[in-house]
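> Numbering (our numbering), first residue to last: 90 to 309. Beta carbons: idealized from backbone N, C-alpha and C, even for Gly. Sharing a structure here in structure tokens format.
Have a look at this one:
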């Protein structure tokens, strides 16, 4: 085979590889946006998108040091980070809760604060919830975002798997995936039963982070 032909084939291979990198498949997805009620000349609904801005990445997570919750959070971070080709989202654990963007507690969710919206995942033997406070306007997200993971049946043999599913699911909510998938094979299904990301989970995350956000994070 001639050197010219070999060089041409190598060039085609490089172009094909580059094409795979720059063209992520985002067709498989579900709606991730937050539905917010507001009153302006009568009750109305708005559908709003959020993702962390580049200057907030890596997002700072404070995770309660109890029942391997930190280990589950690290697994969830690694799982979602791999969904992005260009580092659009990443997170790291921090020791100071006062500087955190997200707080994850091993706690039964307290009463919902006024004006906040709660997304809950119900799975035995554990469940989780994430609260989003839209602040004075529906175009803000007041930090820190608060998530809860609670072992409802502490001695159940399936608890470890449940904690893994639910913690990663709640991290998905803190990223801006505010709705549940209608498909039980997705991690963001309302009753999560998998510890991997489906093609729809990945496509939804990619879409959310390449969609102009309506909401911005603010400190109280």
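(1) Quick one: complete beta strand (DSSP E) runs, 3+ long, within the segment 129-154?
(2) Count the CB pairs spanning the segment 189-201 and the segment 135-150 that are closer than 8 Å, and state whether there are at least three.
(3) Figure out for me which residue from 233, 123, 250, 176 has the closest Cα to the Cα of residue 161.
(4) Is the beta carbon of residue 227 less than 8 Å from the beta carbon of residue 298?
(5) Closest to residue 233 by C-alpha separation, out of 267, 154, 165, 307, would be which residue?
(6) For the alpha helix (DSSP H) that contains residue 161, what are its first and last residues?
(7) Apart from the five residues on each side of it in sequence, which residues of its chain come closer than 7 Å, Cβ to Cβ, to residue 96?
(8) Quick one, which of 215, 208, 296 has its alpha-carbon nearest residue 221's?
(9) Since residue 207 is in the beta strand (DSSP E), which residue starts that stretch and which ends it?
(10) Rounded to a whole number of angstroms, what is the C-alpha to C-alpha distance between residue 210 and residue 301?
(11) Using the C-alpha atoms, what's the distance from residue 292 back to residue 200?
Per the coordinate set shown:
(1) 132-137, 148-152
(2) yes
(3) Here residue 161 corresponds to residue number 72 of the chain shown, with the count starting at 1. Closest by C-alpha distance to residue 161, out of 233, 123, 250, 176, is 250.
(4) Position 138 of the chain shown, counting from 1, holds the residue named residue 227. Position 209 of the chain shown, counting from 1, holds the residue named residue 298. Result no, Cβ atoms of residue 227 and residue 298 do not sit closer than 8 Å.
(5) As a position in the chain shown, residue 233 is number 144, starting the count at 1. Closest by alpha carbon: 307.
(6) What you label residue 161 is simply residue 72 of the chain shown in a count that begins at 1. Taken as a continuous stretch (DSSP letters only), the alpha helix (DSSP H) holding residue 161 covers 158-170.
(7) Sequence index remark: in the chain shown, residue 96 carries index 7 (1-based). Annotation note: pLDDT 42 at residue 96 (below 50); position unreliable, coordinate value reported separately. There are no such residues.
(8) Numbered from 1 along the chain shown, position 132 holds the residue referred to as residue 221. Cα-wise, what sits closest to residue 221 is 208.
(9) As a working mapping, residue 207 is identified with position 118 in the chain shown. 205-212 is the span of the beta strand (DSSP E), which, as asked, contains residue 207.
(10) Position 121 of the chain shown, counted from the start, is the residue given in the question as residue 210. Position 212 of the chain shown, counted from the start, is the residue given in the question as residue 301. Rounded to whole angstroms, residue 210 and residue 301 show a C-alpha spacing of 27 Å.
(11) Indexing the chain shown from 1 puts residue 200 at position 111. Indexing the chain shown from 1 puts residue 292 at position 203. In a straight line, the C-alpha of residue 200 is about 33 Å away from that of residue 292.
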